[in-house]
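Order-wise, the sequence lines are chains A and W. The opening position of the first sequence corresponds to residue -6 in this note's numbering, with each subsequent residue numbered one higher. The opening position of the second sequence corresponds to residue -6 in this note's numbering, with each subsequent residue numbered one higher. Where a beta carbon is used, it is the ideal one built from N, C-alpha and C, also for glycine. Notes follow the structure.
Protein chains: 2
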Amino acid sequence: MPFRDEAQFVQWLRARWPERAPGFDLGIGDDAAVVSVARGHDLILTTDLSLEGIHFRSDLHPPRAIGYRALARAISDIAAMGARPRFALISLALARHTKRAWVSAFYDGLAGLARRLGVALIGGDTAIVEERTMADFVAVGDVERGRALRRAGARAGDRVYVSGRLGLAALGLEMLKSGALGIRNVRRAGKRTARNERAALMAHLYPEPRCGVGMYPAKRRLASAAIDVSDGFARDLGRLCEASSCGAVVRENRLPLAEVTAGGKRELDPLELGLHGGEDYELIFTVPRSRVARLPAAVEGVPVREVGEIRRKRGLTLVRADKQETPLEARGYDHFEGLRA
Amino acid sequence: MPFRDEAQFVQWLRARWPERAPGFDLGIGDDAAVVSVARGHDLILTTDLSLEGIHFRSDLHPPRAIGYRALARAISDIAAMGARPRFALISLALARHTKRAWVSAFYDGLAGLARRLGVALIGGDTAIVEERTMADFVAVGDVERGRALRRAGARAGDRVYVSGRLGLAALGLEMLKSGALGIRNVRRAGKRTARNERAALMAHLYPEPRCGVGMYPAKRRLASAAIDVSDGFARDLGRLCEASSCGAVVRENRLPLAEVTAGGKRELDPLELGLHGGEDYELIFTVPRSRVARLPAAVEGVPVREVGEIRRKRGLTLVRADKQETPLEARGYDHFEGLRA
Chain A
-6 MPFRDEAQFV QWLRARWPER APGFDLGIGD DAAVVSVARG HDLILTTDLS LEGIHFRSDL
54 HPPRAIGYRA LARAISDIAA MGARPRFALI SLALARHTKR AWVSAFYDGL AGLARRLGVA
114 LIGGDTAIVE ERTMADFVAV GDVERGRALR RAGARAGDRV YVSGRLGLAA LGLEMLKSGA
174 LGIRNVRRAG KRTARNERAA LMAHLYPEPR CGVGMYPAKR RLASAAIDVS DGFARDLGRL
234 CEASSCGAVV RENRLPLAEV TAGGKRELDP LELGLHGGED YELIFTVPRS RVARLPAAVE
294 GVPVREVGEI RRKRGLTLVR ADKQETPLEA RGYDHFEGLR A
Chain W
-6 MPFRDEAQFV QWLRARWPER APGFDLGIGD DAAVVSVARG HDLILTTDLS LEGIHFRSDL
54 HPPRAIGYRA LARAISDIAA MGARPRFALI SLALARHTKR AWVSAFYDGL AGLARRLGVA
114 LIGGDTAIVE ERTMADFVAV GDVERGRALR RAGARAGDRV YVSGRLGLAA LGLEMLKSGA
174 LGIRNVRRAG KRTARNERAA LMAHLYPEPR CGVGMYPAKR RLASAAIDVS DGFARDLGRL
234 CEASSCGAVV RENRLPLAEV TAGGKRELDP LELGLHGGED YELIFTVPRS RVARLPAAVE
294 GVPVREVGEI RRKRGLTLVR ADKQETPLEA RGYDHFEGLR A
């Protein structure tokens, strides 16, 4: 048992993260957190569950990555709306059998990301439970009033853009699940293996929320709609289209697919991973044709690439490399498969 | 199994609560919620876990009360800071074996409270889990900038006030736990039993967050510090004093104790319940002597009563009815005892 009781756990927490930040003036431990919002700004709120056996597996994922990813997922929702992440609240129901080193690494992982992005940890709740560890991450961001990007808003003719590479995180998860890389070997293996394999592992374990990529078009009113890739490019583009009452055409030869070089993993199809892999936390956004010229090829070093076009007709269509058109289903490459223990 | 999968659950939710509210312009289902904050206002954020087997027991508590109480607890934190509750986000990890009627009643309970207080349900997350149900409730309120009440701020000489009655919720829990009233009999029993017993049951199952009581002194700058009674009057007053670097004297004959009339429950000491019972969700606040005259005897029909005084010397002292002074320990009448299944 890592802590005698909840009180001791809270004390441990407070001693480690006495966070302070602009616009926030109350430490963890009061009844609630007080934040001020700059004049003319909207606040963006999101909450994401991270459950042992569903979103992570303690025998597969290093605790540092579990904490990091849980926060990254929530922040990715803020990024998808073109907002700047500002604050986080974390509720943690910790399994009694957890070791203190696990909790420490879990918090180090999330606190590292929070610090790097200027996100203040301003509160939360804690409990000790008998079974599995569960966390709920609340992320709060802000954006100039009226500038938040939504899923709804794409129009026929708008170009579809995506950031970074697709399928990399799914490849990393496959590598972890195949057992080629046990949890203890990730770091060592990372040194041995090819650069792409390391990138895939990192994309799965430590995805980078695309805050800069989301804020760029939001600030300049370039994008008509946006969403982040949490459940797979096809599924999430489908959601954007559904919310916008439209469809889209996607060109295979434009997709920034991850290379599948991992040894013994050649049976994995890069297109399959890229379209349905999920957990990439890249951003999909749509840009009216008249504004396309104002979008750079990369934002803060992250490539953003046009991969298709919005059209009036519902549904998604994939134009294959050989020009053949096939319906693109938002179907379930279930990245949780095998994660459910 | 109440829902085929998470997607169906989310669909069910959305159809039931398409909430809209001033200052909130995005439905459940986008990446995050967008809220606007009135100029010159601060935002208050809090999050509270409600875990099966710790905060509630499915064999003891009606699902309607479980949903209601979980939201009431979070809103009580907002009330304790003198703020107006505005929004809520609810993350629910639902045990697979749960019946749909349970989920329905759970949401009816919380939605009823939310509607009555003008709190919009603006988002959340959902998952199906194998074991116990757990929920995380995020409540968001707002308050004129700089007017939020905190635990810190009480000064020697300030009067200590408390709202409503103390120990009523603990009495209600004792009645439930004793088995005198099975979960199915609460309503019927309520008609049979004495008025006080019904009040006790209601105080436990459906506590009223004291929003009006908190906002009154916050708006008028009457209070120097405040906290809500979640873990017991003595413990929570102790926390206020600790945060304010002071102590307090409390007078037994001033305490608004619950009457213990429940049949067969005469062994319960009203003072014990009132000082250590917990979960009353009444407010404790301190008022400088010079402003005491501006405080009415009741706010929106809820009595607020002076029960003691802040003093420089640390620690709490109880002045008994016979004028004897005894140290008042913030000790653990553990209201969870017997709740842990």
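Query	Result
Check whether the Cβ atoms of isoleucine 68/W and proline 55/W lie closer than 8 Å to each other.	no
Is histidine 197/W helix, strand or coil when you go by DSSP?	helix
Please return the same chain residues whose Cβ sits closer than 6 Å to the Cβ of glycine 226/A, not counting the five positions on each side in sequence.	Before going further, note that residue 226/A is phenylalanine rather than glycine in the sequence given. Excluding positions up to five away in sequence, the list reads Leu159 and Leu268.
Taking only beta-carbon atoms, is threonine 40/A less than 8 Å away from chain W?	yes
Could you tell me which residues DSSP pairs with arginine 152/A in its beta bridges?	Val280/A and Glu302/A
Show which residues of chain A have a CB atom less than 8 Å away from the CB atom of methionine 74/W.	Asp23, Asp24, Ala25 and Val27
Let me see if you follow: with CB-CB separation under 8 Å, is lysine 316/A close to chain W or not?	no
Rank Arg32/A, Leu194/A, Leu103/A and Ser223/A by C-alpha distance to the C-alpha of valine 253/A and give the top, closest one.	Leu194/A
In terms of residues, what are the limits of the alpha helix (DSSP H) holding alanine 58/W?	56 to 73
CB-CB under 7 Å to alanine 346/A, same chain, minus the five flanking residues each way: which ones, in chain order?	Any answer about residue 346/A is impossible in this case: the structure gives chain A only from -6 up to 334.
Ignoring anything shorter than 3 residues, give me the beta strand (DSSP E) runs that lie fully in the segment 66 to 142 of chain W, in order along the chain.	77 to 88, 113 to 122 and 127 to 137
Distance cutoff 8 Å, beta carbons only. Does serine 84/W sit that close to anything in chain A?	yes
In the DSSP output, which residue or residues are listed as bridge partners for proline 320/W?	Thr310/W
Out of curiosity, what's the CA-to-CA distance linking tyrosine 326/A and glycine 165/W?	Low local confidence applies: a pLDDT of 46 at tyrosine 326/A is under 50, so the model's placement there is unreliable, with the coordinate-based value given in what follows. Taking the straight line joining both Cα atoms gives about 50 Å.
Against arginine 247/A, what residues of chain W qualify as contacts under a CB-to-CB distance less than 8 Å, listed in chain order?	Residues of chain W passing the Cβ test: none, with the nearest at roughly 24 Å.
In terms of alpha-carbon separation, which member of Glu190/W, Lys92/W and Arg148/W lies closest to glutamate 167/W?	Glu190/W
Does DSSP classify arginine 177/W as helix, strand or coil?	For arginine 177/W, the pLDDT reaches just 42, beneath the cut-off of 50, and the residue's location in the model is therefore unreliable, leaving the point undetermined.
Report the neighbours of leucine 44/W on chain A: residues whose CB is nearer than 8 Å to its CB, in chain order.	Ala86, Ala120 and Val122
Can you give the Cα-Cα distance for valine 122/A and arginine 89/A, rounded to whole angstroms?	6 Å
In the DSSP assignment, what residue or residues form a beta bridge with valine 297/A?	Ser156/A
Measuring alpha carbon to alpha carbon, tell me which of Ser223/W, Pro210/W, Arg228/W and Ser217/W ends up nearest glutamate 201/W.	Ser223/W
Check the Cβ-Cβ distances between alanine 141/A and every residue of chain W, and say whether any is below 8 Å.	yes
Mind pulling the chain A residues with CB within less than 7 Å of methionine 127/W?	Ala86 and Met127
Can you give the Cα-Cα distance for glutamine 1/W and alanine 8/W, rounded to whole angstroms?	11 Å
Distance, Cα to Cα, glutamate 318/A vs glycine 46/A?	38 Å
Which same chain residues end up closer than 6 Å to isoleucine 71/A when comparing Cβ atoms and leaving out the 5 residues on each side of it in sequence?	Ile37, Pro78, Ala132 and Gly134
Leucine 215/W and arginine 138/W: beta carbons closer than 8 Å?	no
Does the segment 231 to 249 of chain W come close enough to the segment 104 to 124 of chain W to have 3 or more Cβ pairs within less than 8 Å?	no
Counting only beta-carbon separations shorter than 8 Å, does valine 338/W have a partner in chain A?	Beyond the ends of chain W as shown, which are -6 and 334, falls residue 338/W; an answer cannot be given.
Taking CB distances under 8 Å as the criterion, tell me whether leucine 311/W reaches chain A.	no
Counting only Cβ pairs nearer than 7 Å, list the residues of chain D close to leucine 194/W.	In the structure shown, chain D does not exist; the protein chains are A and W.
In the DSSP assignment, what are the bridge partners of isoleucine 37/A?	Gly134/A and Val27/W
For glycine 240/A, collect the residues of the same chain with a Cβ closer than 8 Å to its Cβ; drop the 5 residues on either side in sequence, then sort them by chain order.	Cys234, Ile303, Arg304, Arg305, Lys306, Arg307, Gly308, Leu309 and Thr310
Are there 16 or more other CB atoms within 10 angstroms of the CB of valine 96/A, so buried, or fewer, so exposed?	buried
Mind reading off the beta-carbon distance from alanine 65/W to leucine 106/W? Whole number of angstroms is fine, and I expect it under 8 Å.	6 Å
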